[in-house]
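Let me begin by presenting the structure, written as C-alpha coordinates, before commenting on it.
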(Lines of atoms letter the chains of each structure in order from A; the text may use other names.)
(Lines give C-alpha, C1' and ligand atoms only; values in the text may rest on other atoms or scores of the structure.)
Protein backbone atom coordinates (compact mmCIF):
# COMPACT_ATOMS: atom_id res chain seq x y z
CA UNK A 2 0.00 0.00 0.00
CA UNK A 3 1.24 3.47 -0.82
CA UNK A 4 0.03 6.60 0.95
CA UNK A 5 1.00 10.09 -0.20
CA UNK A 6 2.44 12.52 2.33
CA UNK A 7 3.90 16.01 2.43
CA UNK A 8 6.90 17.03 4.51
CA UNK A 9 9.46 19.77 5.05
CA UNK A 10 12.47 20.49 7.19
CA UNK A 11 11.74 22.72 10.18
CA UNK A 12 14.16 25.37 11.43
CA UNK A 13 15.43 22.98 14.12
CA UNK A 14 16.36 20.34 11.51
CA UNK A 15 13.48 17.96 12.25
CA UNK A 16 11.27 16.76 9.41
CA UNK A 17 7.62 17.66 9.83
CA UNK A 18 4.90 16.10 7.75
CA UNK A 19 1.37 14.87 7.34
CA UNK A 20 -0.54 12.30 5.34
CA UNK A 21 -2.26 14.08 2.46
CA UNK A 22 -5.51 12.37 3.44
CA UNK A 23 -5.18 13.76 7.01
CA UNK A 24 -3.52 17.19 6.74
CA UNK A 25 -4.61 18.20 10.25
CA UNK A 26 -2.48 15.47 11.84
CA UNK A 27 1.11 16.72 11.81
CA UNK A 28 3.94 14.55 13.05
CA UNK A 29 7.73 14.72 12.96
CA UNK A 30 10.92 12.70 12.88
CA UNK A 31 14.67 13.25 12.99
CA UNK A 32 15.10 11.33 9.73
CA UNK A 33 12.83 10.55 6.80
CA UNK A 34 12.64 6.92 7.93
CA UNK A 35 11.55 8.01 11.42
CA UNK A 36 9.03 10.44 9.95
CA UNK A 37 7.58 7.64 7.81
CA UNK A 38 7.25 5.44 10.91
CA UNK A 39 5.36 8.22 12.67
CA UNK A 40 3.14 8.75 9.62
CA UNK A 41 2.37 5.02 9.56
CA UNK A 42 1.31 5.33 13.21
CA UNK A 43 -0.97 8.24 12.32
CA UNK A 44 -2.54 6.14 9.58
CA UNK A 45 -3.10 3.19 11.91
CA UNK A 46 -4.64 5.37 14.62
CA UNK A 47 -6.96 7.05 12.09
CA UNK A 48 -8.07 3.66 10.75
CA UNK A 49 -8.85 2.40 14.25
CA UNK A 50 -10.76 5.60 15.01
CA UNK A 51 -12.76 5.33 11.78
CA UNK A 52 -13.67 1.73 12.60
CA UNK A 53 -14.75 2.67 16.12
CA UNK A 54 -16.85 5.58 14.85
CA UNK A 55 -18.40 3.63 11.99
CA UNK A 56 -19.80 1.12 14.47
CA UNK A 57 -21.73 3.97 16.15
CA UNK A 58 -22.87 5.83 13.05
CA UNK A 59 -26.43 5.68 11.85
CA UNK A 60 -27.96 7.21 8.77
CA UNK A 61 -31.33 8.55 7.78
CA UNK A 62 -33.16 10.46 5.07
CA UNK A 63 -34.40 14.00 5.51
CA UNK A 64 -37.22 15.22 3.27
CA UNK A 65 -37.56 18.95 2.87
CA UNK A 66 -40.44 20.87 1.37
CA UNK A 67 -38.68 23.66 -0.48
CA UNK A 68 -40.80 26.28 -2.26
CA UNK A 69 -40.17 26.42 -6.00
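Residue numbers (our numbering): 2 to 69.
No residue lacks a Cβ here, since even glycine has one placed at the ideal position from N, Cα and C.
Since this is a predicted model, take the numbers as computed values, not measurements.
With respect to the beta strand (DSSP E) encompassing residue 10, which residues constitute its N-terminal and C-terminal limits? One-based indexing of the chain shown puts residue 10 at position 9. First-last of the beta strand (DSSP E) with residue 10: 6-10.
Run through DSSP, which three-state label would residue 17 get? For the purposes of this step, residue 17 is taken as residue 16 along the chain shown, with counting starting at 1. Of the three classes helix, strand and coil, the one that applies to residue 17 here is strand, per DSSP.
Please tell me whether residue 43 and residue 16 are closer than 8 Å, where the distance is taken between their beta carbons. Looking up residue 43 in the chain shown gives position 42. Looking up residue 16 in the chain shown gives position 15. Not closer than 8 Å, so no.
Rounded straight-line distance, which links the Cα of residue 58 to that of residue 69: Stepping through the chain shown from its first residue, residue 69 is reached at position 68. Stepping through the chain shown from its first residue, residue 58 is reached at position 57. Each residue's alpha carbon lies about 33 Å from the other.
Express the C-alpha separation of residue 36 and residue 53 in angstroms, rounding to a whole number. Position 52 of the chain shown holds residue 53. Position 35 of the chain shown holds residue 36. Straight-line Cα distance between these residues: approximately 26 Å.
On the DSSP bridge assignment, give the partners of residue 23 in chain order. As a first step, residue 23 must be located in the chain shown, where it is residue number 22. Bridge partners of residue 23: 20.
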